[in-house]
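Peer 1: If you're matching positions, the first sequence starts at 89 in the working numbering and goes up one per residue.
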Amino acid sequence: MVVRELPAGRVSGRIVETEAYPLGDAACHAFRGPTARNASLFLERGHAYVYFVYGSSFMLNVSSERPGVGAGVLLRALEPLEGQSLMQRFRKTRRALDLARGPGRLAAALRIDRRQDGLDLCAPGPLWLAAGAAGPVGESVRIGLTREAQRVLRFFERGNPHVSGPRSLSPTSSS
DNA sequence: AGTGCGATTGACT
DNA sequence: GTCAATCGCACTA
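1) Mapping the DSSP letters down to three states, classify residue 108 as helix, strand or coil.
2) Could you check what DSSP says for residue 262 in three-state terms: helix, strand or coil?
3) Whose C-beta lies closer than 8 angstroms to the C-beta of residue 133 among residues of the same chain, with five residues either side of it excluded?
4) What do you get for residue 251, buried or exposed, if any count of 16 or more other CB atoms within 10 angstroms of its CB means buried?
5) Measuring only the C-alpha atoms, how far is residue 183 from residue 221?
6) Should residue 137 be labelled buried (16 or more other beta-carbon atoms within 10 Å of its own) or exposed?
7) Between which two residues does the beta strand (DSSP E) carrying residue 168 extend?
8) Between the beta-carbon of residue 194 and the beta-carbon of residue 148, is there less than 8 angstroms?
9) Out of 175, 109, 120 and 161, which has the shortest C-alpha to C-alpha gap to residue 99?
10) With distance defined between alpha-carbon atoms, name the residue in 139, 204, 181 and 165 nearest to residue 92.
11) Buried or exposed: residue 142, going by 16 or more other Cβ atoms within 10 Å of its Cβ?
12) State buried or exposed for residue 101, treating a residue as buried only when at least 16 other CB atoms are found within 10 Å of its CB.
13) Say the cut is 7 angstroms; is the CB of residue 187 nearer than that to a heavy atom of the ligand ATP?
14) If I follow the unbroken alpha helix (DSSP H) through residue 179, where does it start and stop?
15) On the criterion of 16 or more Cβ atoms from any shown chain inside 10 Å, does residue 113 qualify as buried, or is it exposed?
16) Give the range of the beta strand (DSSP E) segment to which residue 94 is assigned.
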């Protein structure tokens with residue numbers, strides 16, 4: 089699970105959907121080497137990489153390799169646990185299923201922006217990762233990409249309604 | 001210095 | 001279901 093500590097209180101949720109952007113993946117922002125924007129992807133695994141897309145959305149990633157190697161995991165959806173009233177305020181909606189279903193919504197629900205880029209998520213602080221119960225895991229192709237779109241690198245909890253994307257990509261059972 | 005576009009979302013038919 | 005908004009950044013010149 090991911091925990092956000094704010095002056096107004098704590099916000100947290102179970103991570104129910106992720107996508108991997110491994111070493112050598114042309115869709116990974118680190119693919120063409122380090123820049124000012126993607127520097128956090130090259131930090132020791134467990135650091136936050138936050139970036140801004142489409143002029144409107146922040147994306148929260150966790151770096152996943154050794155220092156100097158650029159790769160990470162995008163957090164795509166949460167099942168809200170603590171601080172749902174704060175999430176409702178940040179997201180400007182009351183619907184529980186709309187609070188953190190989708191990567192941009194997730195970042196907004198946690199009040200994430202570039203100021204959290206580079207934070208160590210494995211240490212106490214304003215944003216950190218905690219152990220949590222795991223459920224049945226499903227996998228699919230990634231969502232929304234133009235490059236390397238076919239790779240099966242999206243992982244989600246089967247049957248969880250807080251998972252984003254079309255139903256066809258989030259089957260309830262394997263078959 | 002100028003240009004094209006993206007790991008999306010929310011509004012609308 | 002479709003589609004435009006919006007802006008930082010990488011890339012070309």
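Glycine residues also receive a C-beta, built at the ideal position from the N, C-alpha and C atoms. No experiment lies behind these values; they were computed from the predicted model shown.
Peer 2: For this structure:
1) Position 20 of the first sequence, counting from 1, holds the residue named residue 108. Correct three-state label for residue 108: strand.
2) Translated into the one-based positions of the first sequence, residue 262 becomes position 174. Residue 262 falls in the coil class under three-state DSSP.
3) Taking the first residue of the first sequence as 1, we reach residue 133 at position 45. 150, 151, 152, 153 and 154.
4) Working through the first sequence from its first residue, we reach residue 251 at position 163. Buried, because 16 or more other Cβ atoms sit within 10 Å of the Cβ of residue 251.
5) Counting from 1 along the first sequence, the entry for residue 183 is found at position 95. Counting from 1 along the first sequence, the entry for residue 221 is found at position 133. Spanning the two alpha carbons is a distance of roughly 24 angstroms.
6) Locating residue 137 in the first sequence gives position 49, counting from the first residue. With 16 or more Cβ atoms within 10 Å of its Cβ, residue 137 is classed as buried.
7) Position 80 of the first sequence, counting from 1, holds the residue named residue 168. Note, residue 168: beta strand (DSSP E), 160-168.
8) Mapped onto the first sequence, residue 194 falls at position 106. Mapped onto the first sequence, residue 148 falls at position 60. Going by C-beta atoms, residue 194 is nearer than 8 angstroms to residue 148.
9) On the first sequence, position 11 is the one that residue 99 refers to. Out of 175, 109, 120 and 161, 175 has the C-alpha closest to the C-alpha of residue 99.
10) Walking along the first sequence from the start, residue 92 turns up at place 4. For the residues 139, 204, 181 and 165, the minimum Cα distance to residue 92 belongs to 204.
11) Here residue 142 is taken as the residue at index 54 of the first sequence, counted from 1. It counts as exposed.
12) Indexing the first sequence from 1 puts residue 101 at position 13. By the neighbour-count rule (16 or more Cβ atoms within 10 Å), residue 101 is buried.
13) Questions concerning the ligand ATP fall outside what the structure shown contains, since it holds no ligand whatsoever.
14) In the first sequence, the residue the question calls residue 179 occupies position 91. Looking at the DSSP string, the run of the alpha helix (DSSP H) that includes residue 179 is 172-179.
15) As a working mapping, residue 113 is identified with position 25 in the first sequence. That one is buried.
16) In the first sequence, the residue the question calls residue 94 occupies position 6. From DSSP, the beta strand (DSSP E) with residue 94 extends over 90-94.
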